[in-house]
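**Student:**
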Amino acid sequence: MLSSYSFSSLDTYRVCPRKFKYAYVDRVPIPPKVTADTYLGNAVHRVLRKLYTLGADGILMPMDRAIEAYLEEWQKLDRNSITSPSDYYTIDDYIRIGKEMLVRHYEHYQPFDQGTLLGAEMHLTFQLPGTPFKFKSYIDRLWKKDDGTVEICDYKTGQSTILPHDRRFVYQMGLYQLAVQANFPQYESVDLAQYLLRKDEIVSHRLRPDELDMLAEQLRLDVNDTIESTRKDDFPAQEGSHCTYCSYHHLCPAKIHRRMLEEEEQSGDTGEISALQLKELADEYLRVYSDSKRIDAELDGIKEKLLNIARDHDLSRFDGDSGKVTVSVSRKDEFISKTRDQKAFAQLSALCRKLQLDEYFSLDARGLMKEVYQKKRLPDDILNQLKEFVVEVERSRVTAKLNAETDPAGEESSNDS
Ligand code: SF4
Numbered sequence: 182m183l184s185s186y187s188f189s190s191l192d193t194y195r196v197c198p199r200k201f202k203y204a205y206v207d208r209v210p211i212p213p214k215v216t217a218d219t220y221l222g223n224a225v226h227r228v229l230r231k232l233y234t235l236g237a238d239g240i241l242m243p244m245d246r247a248i249e250a251y252l253e254e255w256q257k258l259d260r261n262s263i264t265s266p267s268d269y270y271t272i273d274d275y276i277r278i279g280k281e282m283l284v285r286h287y288e289h290y291q292p293f294d295q296g297t298l299l300g301a302e303m304h305l306t307f308q309l310p311g312t313p314f315k316f317k318s319y320i321d322r323l324w325k326k327d328d329g330t331v332e333i334c335d336y337k338t339g340q341s342t343i344l345p346h347d348r349r350f351v352y353q354m355g356l357y358q359l360a361v362q363a364n365f366p367q368y369e370s371v372d373l374a375q376y377l378l379r380k381d382e383i384v385s386h387r388l389r390p391d392e393l394d395m396l397a398e399q400l401r402l403d404v405n406d407t408i409e410s411t412r413k414d415d416f417p418a419q420e421g422s423h424c425t426y427c428s429y430h431h432l433c434p435a436k437i438h439r440r441m442l443e444e445e446e447q448s449g450d451t452g453e454i455s456a457l458q459l460k461e462l463a464d465e466y467l468r469v470y471s472d473s474k475r476i477d478a479e480l481d482g483i484k485e486k487l488l489n490i491a492r493d494h495d496l497s498r499f500d501g502d503s504g505k506v507t508v509s510v511s512r513k514d515e516f517i518s519k520t521r522d523q524k525a526f527a528q529l530s531a532l533c534r535k536l537q538l539d540e541y542f543s544l545d546a547r548g549l550m551k552e553v554y555q556k557k558r559l560p561d562d563i564l565n566q567l568k569e570f571v572v573e574v575e576r577s578r579v580t581a582k583l584n585a586e587t588d589p590a591g592e593e594s595s596n597d598s
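As numbered in our numbering, residues 182 to 598 make up the sequence shown, in order.
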């Protein structure tokens, strides 16, 4: 278990568990690397903090002074140490984009006193209720609007479009709300707002108490997942566009072969194992895999036909010249799974905790179904609450058995779904 969790650590785990391991479990030191987009974000955040902090005291920092302060931020770094994450944008492009964002925001919100500033760039910590898990969060701006509502503001300098119901929005901003409410319980009415500085738009939302409870449950489950991964030392590498921003390519099992190939190509030397031989092995596997995909698709098509006939005409065995095929189709009740509906699964988990059924629920709900629900071990009203999360699932099995002369080993082969 980590000493504390944050939006960024849990988001890293969600995006790539392997990166989470390097960054938060092993704490692998990495050479400092500054990318232009993250530096732009930091520079803009610093200037906005100045503008709002001065605005709270009735002082309007002139626009040209604000821009000067922004450009000074860029001068603090050796330009050669900054890399551009894009093939098309230069460092000067990023500087200009940040400046344009600031000008737009300045023109829209000056003199920056539309609310009472409660804090800028605040570090808040809290313990997730009912758990030993500590969280930390970093809030760009907290302020009270004229109607008494407290607004948690987060500045976004990237290009992505966000909707208030996006999982990421609820996850990040809801976590901030939990932090604010744990530290300042007197603030009852709270709005969440992300300022999309590139577009000069605000995405805002107010979470209902039940949504916030659900988020707390989701956070608890997510932390448990990280603990389980740590216990088993099981952190799969999940590749994607996010790899561009990852500093652990030199360790990542998904990137090492590519590096070995490049090195081998340049030096002509092979290490303990030849990268080229591994490439040939991969190609061989891919060729056989592609054949097996084609055969699987053919098998699935035939299986579907057999299952449909078995369902429609109540048949369970089909006889051929070289053997027989048996088919079974059954329907059974199961509790909703995490992969099927993550939100409903979190609701079921919360209900089980409330009903003190954790020992049956554990990581999946099979024990709950077998030992509690099917044996009707609880009063009807509780069974009815659980019923909301029950889904009927079809299980089918197609088994092929070849005749002895065709297959002397007499092995059966099954195909379940
Ligand atoms: S390079 Fe990509 S896959 Fe590897 S650890 Fe980093 S983010 Fe994960």
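Glycine included, every Cβ here is placed at the ideal spot set by N, Cα and C. Predicted, not measured: the structure shown is a model, and the values here were computed from it.
1. Starting from the C-beta of Asp477, find all residues in its chain whose C-beta is less than 7 Å away, skip the five residues before and the five after it, and write them out in chain order.
2. Cβ of Tyr270 versus every heavy atom of the ligand SF4: is any distance shorter than 6 Å?
3. Per DSSP, what are the beta-bridge partners of Asp335 in this structure?
4. Using the DSSP secondary-structure output, state which residues sit across from Ile383 in a beta bridge.
5. Any heavy atom of the ligand SF4 closer than 6 Å to the beta-carbon of Tyr319?
6. When you compare only the Cα positions, how much space is there between Val228 and Asp597?
7. Please state the DSSP three-state secondary structure of Glu575.
8. For the ligand SF4, I want to know if Arg439 counts as a neighbour, meaning its beta carbon is within less than 6 Å of at least one of the ligand's heavy atoms.
9. Using 8 Å as the threshold, is the stretch 307 to 324 in touch with the stretch 359 to 366, meaning 3 or more CB pairs across them?
10. Based on DSSP bridge pairs, tell me the residues matched to Ile263.
11. Expressed to the nearest angstrom, what Euclidean distance is found between the alpha-carbon atoms of Met303 and Gly452?
12. Taking only runs that begin and end inside the stretch 302 to 366, name each unbroken alpha helix (DSSP H) of 4 or more residues, in chain order.
13. Within this structure, are the beta carbons of Glu398 and Ala527 separated by less than 7 Å?
14. What are the start and end residues of the beta strand (DSSP E) that includes Gly618?
15. Check this for me: beta carbons of Lys200 and Cys427, under 7 Å apart or not?
16. CB-CB under 7 Å to Leu402, same chain, minus the five flanking residues each way: which ones, in chain order?
17. On the three-state DSSP scale, how would you describe Leu298?
18. Go ahead and pull the three-state DSSP assignment for Asp500.
19. On a CA-only basis, which of Ala247, Thr411, Val404, Asn489 is nearest Glu288? Give me that one, please.
20. The ligand SF4 and Arg199: does the residue's C-beta get closer than 6 Å to at least one heavy atom of that ligand?
**Tutor:** In terms of the structure at hand:
1. none
2. no
3. Gln375
4. Tyr376
5. no
6. 60 Å
7. strand
8. no
9. yes
10. Val215
11. 50 Å
12. 348 to 364
13. yes
14. With the chain covering 182 to 598 only, the question about residue 618 has no answer from this structure.
15. yes
16. Ala527, Ser530
17. strand
18. strand
19. Ala247
20. yes
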